[in-house]
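Written out below as structure tokens is the structure these notes cover.
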DNA sequence: TCTGGGGTCCTAGGACCC
DNA sequence: TCTGGGGTCCTAGGACCC
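Numbering (the UniProt record's numbering), first residue to last: 1 to 423.
Set out below in structure tokens:
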């Protein structure tokens, strides 16, 4: 059996560890620029605030019901996440970190242990030490763990945070209850196709011929069906180095000056380079994109992206910055109101296995010591203390004022690397 | 006034090879 | 008259996840 440990409304729970008085009140956490809602307490959900709700549309409601809202504090969330992982993994031999607020535990080999009781101990331990409430869903496959977790959350009084989905009878009952769109791996598009074909519950999908599923959903669908039947198709993954790194942001205000956009894009490129060096890889591809505000139908729309394959893999901020600049020049058009831009790097090779083109000058190795020194100084003295001349050094992204509790937290903790998948 | 920021995997089609 | 077939690699786009 696997267990899925899922932190309840994780970002909000993290905020509550800093301020106990938030307990029992409606609380939301907002994305960058305080744009939209990314985490909601139960009380906030009950007020009808949907996930990803644009904050400006709900301002009145927030005021009316005294909803507390916070800007995201990712250092805090990453730190708490690591604490939860450390506690959970101490109970098992094998585990998989699935996201910032979820991890799978391998319970095979626990034949003679009362799994239910054991998972209660994990849950209580996490709550006692870290003040983070979790739900645990237990089942023979990952997909069924997700279902079990959903059941825990939908029937809180009945299950008290833990549910085991093990017998065929329980599985059948659960799948006849679960809407198809809530199955792990069914997104918005597939949900529509499912409804069109009369599939409304997870159970209905199992009644469809395999060929049909294969045609509509590809190989995912076949795996999904087996997983729902309790036949294991997905193993626990061991942590793997990233295959792409992206730094993208929406701007607080729309930008019309070329140099302002350039400065941001160059900064994004530098962040990408830093993250490449952190995992000791070089990239062979760089992509730059810019776009206008797609919600402003009154303004002309423009979006473009361009990718360059590098002759020699690199993680030098200087070399990547140069490429980013060229690409930016190639796609930037005057006369638009830019709202968002980003840099994405991919196609990685380990730093020490680079194959060098014979015909292109390669200065990566000259840059590396300087870059590593820059990284070390930034680590010691704070983010962006040492930077390239092209960066303005201004804080270009908005963030609300930090609470005193959070300032205290930042001072008192050595923060772990922020390399989790989001959420 | 104001709408997030990351990631992964799969597939179809084209280029190219013999 | 008649115009191969199989394979790989790459890329863009689409789907999904949190």
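Just so you know, even glycine gets a beta-carbon here, dropped at the ideal spot from N, CA and C.
Report the residue from the options whose alpha carbon sits nearest the alpha carbon of residue i.
i	options	result
residue 334	300, 346 and 128	300
residue 207	191, 229, 187 and 220	229
residue 284	244, 381 and 109	244
residue 270	94, 383 and 254	383
residue 405	3, 18, 10 and 306	18
residue 3	107, 195, 75 and 94	107
residue 253	13, 128, 339 and 26	339
residue 388	316, 341, 362 and 365	316
residue 324	312, 313, 336 and 308	308
residue 331	303, 322 and 344	303
residue 342	248, 157 and 219	248
residue 313	350, 13, 380 and 385	350
residue 30	23, 9 and 46	9
residue 424	181, 190, 220 and 110	As displayed, the chain neither begins before 1 nor continues past 423, which places residue 424 out of reach and without an answer.
residue 276	63, 105, 204 and 347	347
residue 345	286, 297, 377 and 298	286
residue 241	279, 251 and 255	279
residue 311	354, 380 and 48	354
residue 110	32, 94 and 194	94
residue 24	46, 38 and 36	46
residue 178	153, 157 and 158	153
residue 132	146, 147 and 77	77
residue 263	290, 237, 238 and 281	290
So who's on the other strand from residue i, going by DSSP bridges?
i	result
residue 4	104 and 137
residue 342	248 and 289
residue 70	29
residue 282	349
residue 306	288
residue 314	283
residue 255	338
Buried or exposed: which applies to residue i, given that a residue is buried once 16 or more other Cβ atoms fall within 10 Å of its Cβ?
i	result
residue 320	buried
residue 113	exposed
residue 56	exposed
residue 16	buried
residue 187	exposed
residue 6	buried
residue 96	buried
residue 73	buried
residue 424	As shown, the chain starts at 1 and ends at 423. That puts residue 424 outside it, with no answer to give.
residue 364	buried
residue 128	exposed
residue 356	exposed
residue 273	buried
residue 169	exposed
residue 43	buried
residue 149	buried
residue 268	buried
residue 417	Residue placement at residue 417 is poorly supported in this model, since its pLDDT is 40, which falls under 50; the coordinates are not used for a value here.
residue 231	exposed
residue 294	exposed
residue 326	exposed
residue 219	exposed
residue 41	buried
residue 251	buried
Since I believe residue j is in contact with residue i (beta carbons under 8 Å), could you give me their beta-carbon distance rounded to a whole number of angstroms?
i	j	result
residue 34	residue 88	32 Å between Cβ atoms; not a contact.
residue 227	residue 144	7 Å
residue 162	residue 136	5 Å
residue 134	residue 121	With 8 Å as the limit, residue 134 and residue 121 do not qualify as a contact, their Cβ atoms being about 12 Å apart.
residue 138	residue 171	Wrong, their Cβ atoms sit about 12 Å apart, outside the cutoff.
residue 336	residue 292	5 Å
residue 103	residue 115	16 Å between Cβ atoms; not a contact.
residue 175	residue 203	4 Å
residue 39	residue 67	Contact doesn't hold; Cβ gap of about 12 Å is too wide.
residue 368	residue 75	No, residue 368 and residue 75 are not in contact; Cβ-Cβ is about 27 Å, not under 8 Å.
In chain order, each beta strand (DSSP E) run of at least 3 residues that lies wholly inside the stretch 27-61: 27-30 and 37-40
In chain order, each beta strand (DSSP E) run of at least 3 residues that lies wholly inside the stretch 87-131: 95-99 and 102-106
Length at least 3, wholly inside the stretch 161-210: the beta strand (DSSP E) runs in chain order: 162-164
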